[in-house]
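Student: So the sequences go chain by chain: C and V.
With the first letter of the first sequence counted as 1, position 29 gets the number 29 in the working numbering; the numbers rise by one all the way through.
With the first letter of the second sequence counted as 1, position 455 gets the number 455 in the working numbering; the numbers rise by one all the way through.
Here a beta-carbon is modelled for each residue, glycine too, at the ideal position from N, C-alpha and C.
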Amino acid sequence: MDALLEKLFLGFWTVAIFASILWYAFLLFYVGYLGAKDIIGMAGRFTSRAEEEAETPGDR
Amino acid sequence: MTLSPLDWAIIAVYLVGCIAAGVWMKRYIRGVEDFAVAGREMDVNLGIASLAATEVGIVTIMYTGQMGFTNGFAGATPGVLTAAMMFLVGCTGFVIVPMRNAGVITIPELFENRFGKRVRWLAGLVVILGGVLNMGIFLRLGGEFLVHMTGLPPNYLEWTMTALLALVLVYTVLGGMLSVLITDYLQFLVMGLGIVITSVLVLWNVGWGDLKLALADVHQGGVEFRHEQAAMEELAAAKLQTVRETQGRQAAESLAAAQAQSQGRSLRARAGELASCGVLVSTKKDEPAAAITMDDPFNPVASKGLGWVLWQTIFALSVVTTWQTTIARVLSTKDARTAKRMYRTTAFYWVGRFGLPGLWGAAAFVYFAARGGLPGEGLDGLTAMPAFLKEILPVGIIGIMLAAMLAAEMSTDSGYLLTWATVIYNDLLLPVVRKPLSPKLKLLTIRSLVLLIGVFLVFYGLWYELPGGAWDYLAVTGNIYLASVFTLLVAALYWRPANSWGALAAIVLGAVGPISFLVVNALVPASSPWRIAPETAGFASFGMAFGGMLFGSLLRRILVRDDDAGAVAAVSPDDETP
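1. Please tell me whether Tyr28 of chain V has its Cβ less than 8 Å away from any Cβ of chain C.
2. Would you say Met581 of chain V and Val168 of chain V are within 8 Å of each other, going by their C-beta atoms?
3. Could you name the residues of chain C that Ile195 of chain V contacts, counting a contact when the two beta carbons are closer than 8 Å?
4. Output the distance between the C-alpha atoms of Val433 of chain V and Arg118 of chain V, rounded to the nearest integer angstrom.
5. Relative to chain C, which residues along the segment 178-193 of chain V have a C-beta separation below 7 Å, given in chain order?
6. How far does the alpha helix (DSSP H) with Ala498 of chain V in it reach, from first residue to last?
7. Distance cutoff 8 Å, beta carbons only. Does Val80 of chain V sit that close to anything in chain C?
8. Beta carbons nearer than 7 Å to chain V: which residues of the segment 25-36 of chain C have them?
9. In whole angstroms, give me the CA-to-CA distance for Thr60 of chain V and Gly142 of chain V.
10. Per DSSP, which residues does Ala291 of chain V bridge with? Please list them.
11. Can you give the beta carbon distance from Ala316 of chain V to Leu81 of chain V, rounded, assuming they're within the 8 Å contact cut?
12. What residues in the segment 36-52 of chain C bring their beta carbon closer than 9 Å to a beta carbon of chain V?
13. Thr82 of chain V by DSSP, collapsed to three states: which one?
14. Leaving out five residues before and five after Gly376 of chain V in sequence, what residues of the same chain have Cβ atoms less than 7 Å from its Cβ?
15. Flag this pair as yes or no: are the beta carbons of Leu428 of chain V and Val104 of chain V separated by less than 8 Å?
16. Any beta-carbon of chain C closer than 8 Å to the one on Gly39 of chain V?
17. Under 8 Å between the Cβ atoms of Ile58 of chain V and Ala364 of chain V?
18. Could you tell me whether any Cβ in chain C is nearer than 8 Å to the Cβ of Ser414 of chain V?
19. Could you please tell me which residues of the segment 486-510 of chain V, in chain order, have their CB closer than 8 Å to any CB of chain C?
20. Does any residue of chain C have a CB that is nearer than 8 Å to the CB of Ala49 of chain V?
21. Pairs of beta-carbons, one from the segment 345-363 of chain V and one from the segment 64-80 of chain V, closer than 8 Å: are there three or more?
22. With Met544 of chain V as the anchor, note down where its alpha helix (DSSP H) starts and where it stops.
23. Under 8 Å, Cβ to Cβ, is there at least one residue of chain B near Ser332 of chain V?
24. Mark Ala567 of chain V as exposed unless 16 or more other C-beta atoms lie within 10 angstroms of its C-beta, in which case mark it buried.
25. Cβ closer than 9 Å: which chain C residues qualify as neighbours of Ser411 of chain V?
26. Checking 8 Å against the spacing of the C-beta atoms, do Leu157 of chain V and Val147 of chain V come in under that value?
27. By the criterion of Cβ-Cβ separation under 8 Å, what are the contact partners of Val200 of chain V in chain C?
28. Where does Ile19 of chain V sit, in a helix, a strand or coil, going by DSSP?
29. Of the choices V:Val16, V:Leu164 and V:Gly72, whose alpha-carbon is the least far from that of Gly454 of chain V?
30. With a CB to CB cut of under 6 Å and the five nearest residues on each side skipped, what residues in its chain are close to Gly75 of chain V?
31. Taking 8 Å as the threshold (beta carbon to beta carbon), is Leu4 of chain C in contact with chain V?
32. Which class does Thr106 of chain V belong to by DSSP, given the choice of helix, strand or coil?
33. Check whether the segment 545-564 of chain V and the segment 502-519 of chain V are in contact - that is, three or more C-beta pairs closer than 8 Å.
34. Strictly below 7 Å CB to CB, what residues from chain C border Phe73 of chain V?
35. Hey, could you find the ends of the alpha helix (DSSP H) Phe94 of chain V is sitting in?
36. Does Ala54 of chain C come within less than 8 Å of chain V when only Cβ atoms are used?
See the structure below:
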């Protein structure tokens, strides 16, 4: 029973560690690309909001 | 010094780029909402980068590395549990959806709607107490990592910490959450690259198959050593008892001190021999030598106990629903759907957050055990991992790794500084200010708070000595607020009879367990039976907070007849104002 449990845990940690390395590598590119697009979009929204506020001044 | 000019160049480019990007975002700050929650304009991928970067600091790498060093892969269990809980919350929207829809800036603000201003203020105080104490050790551990990784003289640690914090303060004070998001994004990239490269190199160096076998061997060696030690300690205790009975207390105390010194000397003398049996001896200056053994490296229940695993499960659920720095990202998202998606995608990141530095820690143990023990001076379970990385990483990669660790530290510090400053401003100051502040004064106040917390951290980080494992300290200090605020949050959102009496009882009782742990364990010696185990303090705080909420709320319903808490909507205060 103990040997089986140890084998199960060994298998689990093997999958967890290698999957983590792959997941980190994947997110690096995936979030790297889409996150940059998010930043550009967010900066654009702030710029247009600032322009709108400049046209109609008022306290936020 | 280990660093080459190439390593320094990589670090310099990273630091300059990061600070320039952070300062650039200052132009978009118009008010407190922009400063604290980025105008609620954050989209999902930026959210993933920010959440991941904030929750992985050098402190994370250090304590997860320490757990890998003493518990092997079983030490990564909190990461697996947190990933599972985050995915569950991301699928169901438990807590985070009603939180995001409430349109608040902080968690305590939500409590005012349900329990009144007094509860909001007290909850804010508890959040700050737990959060800032928790953050108090970030700088020291970060500095220790950098000193051991770069080979800088240890007396540079304080200066390293202070300089790092000063850089973080520059862009956090100026650009608030907007700067934090942009720098988090850059830091996510640099940190991810460093973690992936380092993990691959560690596996290349030690070998996965060899590592598994060696971990099992050193664990076995540790078990045998602990048996021997237990037998020797029994003999020593019997001798002490005899001396105490025949020659008095003072003689017994002198003998105990002599025994401890002799044991330390003997461990140092046998360090090489012990290493070959899977036992390492710490080489910390000014401290008696201590043996470090590997607990069960694969099975978390055998390694840390069932009580600890259960505590970590409830702790993980409370972290992903309640930890203010995590929730700050939820509150910055465009909508609740984005928040749920951000959680689901980030969830698996938590396995690596514990698993990969844990891998480095476990590999460090095996590496040093095979080479005659911990080298040089000043190494123990906490600092062995960076010393190991210094030995195996080549020129250039060390630069990337250091930039990655600086990134990790800076993103965590900036996110935490901003979060705690926002809570102080929003939940401690605003409720007691009678005259409304001008937008400029509001911004000045919150910026000054960020600065003040930074100054506090430098001083607290310089003198505080850890009373045990780093993770246990962080978990227990975090518990000061997690237990009570988690209880309040769940009750406010999902339990209609909850009222202010229950909330106040939950806050006070939830803080008792962790504060007792900190005070008692700082006062009594390490061998004392009065010491409190972290899981006992953790469980007690959750149990007492839940009990307080239940009994307090029911008591008020019985004693105060006009309290129709069951009919109170989740958005209306149920009673008093200060």
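Tutor: In terms of the structure at hand:
1. yes
2. Since the first residue shown for chain V is 1 and the last is 578, residue 581 of chain V is missing from the structure and cannot be characterised.
3. Tyr24
4. 14 Å
5. Ile182, Tyr185, Phe188, Leu189, Gly192 and Leu193
6. It is not in any alpha helix (DSSP H) - Ala498 of chain V carries neither H nor E in the DSSP assignment.
7. yes
8. Ala25, Leu27, Leu28, Val31, Gly32, Leu34 and Gly35
9. 9 Å
10. V:Val281
11. 4 Å
12. Ala36, Lys37, Asp38, Ile39, Gly41, Met42, Ala43, Arg45, Phe46, Thr47, Arg49 and Ala50
13. helix
14. Thr283
15. no
16. yes
17. no
18. no
19. none
20. yes
21. yes
22. Pro534 to Leu559
23. Chain labels in this structure do not include chain B; the protein chains are C and V.
24. Low per-residue confidence applies at Ala567 of chain V: pLDDT is 38, beneath 50, and the placement is therefore not dependable enough to give any value.
25. Under the 9 Å cutoff, chain C gives no residues; its nearest Cβ is about 13 Å from Ser411 of chain V.
26. yes
27. Ile21
28. helix
29. V:Leu164
30. Met67, Gly68 and Gly358
31. no
32. coil
33. yes
34. Trp13
35. It is not in any alpha helix (DSSP H) - Phe94 of chain V carries neither H nor E in the DSSP assignment.
36. no
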